[in-house]
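Colleague: I am attaching a structure below and will ask some questions about it afterwards.
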Amino acid sequence: MTAPAAAITLDTPRLRLRPFATGDWPAYAAMCADAEVMRHIGQGVVLTPDEAWRSMAIFIGQRSLLGYGMWALEHRESGALIGRVGYLDPPGWPGFELGWLLAREHWGNG
């Protein structure tokens, strides 16, 4: 059995990778409502705010249960949630996957 993950954050000069928090929901729901952002994510369809909430809950649960998972991607200067990055591997998933999602206004920043 894997122990619950500690609330670890990772910092780069421009970004902070941290666990998702309740306050991330509005920004994450907005990203998930953008058809261009979601074009290659999952089934390629936008998520409702409720579906975005459940998506975040899955990320939080996987990190707690397995000790790894998706990170919330925060812009260090502004503190804004700009995406997610990390591993997906819930039961029934086709395979261990590294994935990411960025809000469209943050595309192309290197």
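Numbering (the working numbering), first residue to last: -3 to 106.
Each residue gets a CB set at the ideal place from its N, CA and C atoms; glycine is no exception.
Every value quoted in this text rests on a predicted model; they were computed, and no experiment measured them.
1. If we count the other Cβ atoms within 10 Å of its Cβ and call it buried at 16 or more, is serine 51 buried or exposed?
2. Could you check where the beta strand (DSSP E) with alanine 68 kicks off and where it finishes?
3. On the DSSP letters alone, give me the boundaries of the alpha helix (DSSP H) that glutamate 32 sits inside.
4. Is DSSP giving aspartate 7 helix, strand or coil here?
5. How long is the line joining the alpha carbons of alanine 76 and proline 87, rounded to whole angstroms?
6. Helix, strand or coil for leucine 77? Go by DSSP, reduced to three states.
7. Residues in its own chain within less than 7 Å of leucine 94 by CB, not counting five upstream and five downstream?
Modeller: On the basis of the data shown:
1. Taking every protein chain shown into account, the CB of serine 51 has 16 or more other CB atoms within 10 angstroms, so this residue is buried.
2. According to the DSSP assignment, alanine 68 belongs to the beta strand (DSSP E) that extends over 66 to 71.
3. 31 to 34 is the extent of the alpha helix (DSSP H) around glutamate 32.
4. Assigned with DSSP and collapsed to three states, aspartate 7 falls in strand.
5. The C-alpha of alanine 76 lies about 31 Å from the C-alpha of proline 87.
6. Leucine 77: strand per DSSP, three-state reduction.
7. Result list for leucine 94: Tyr83, in chain order.
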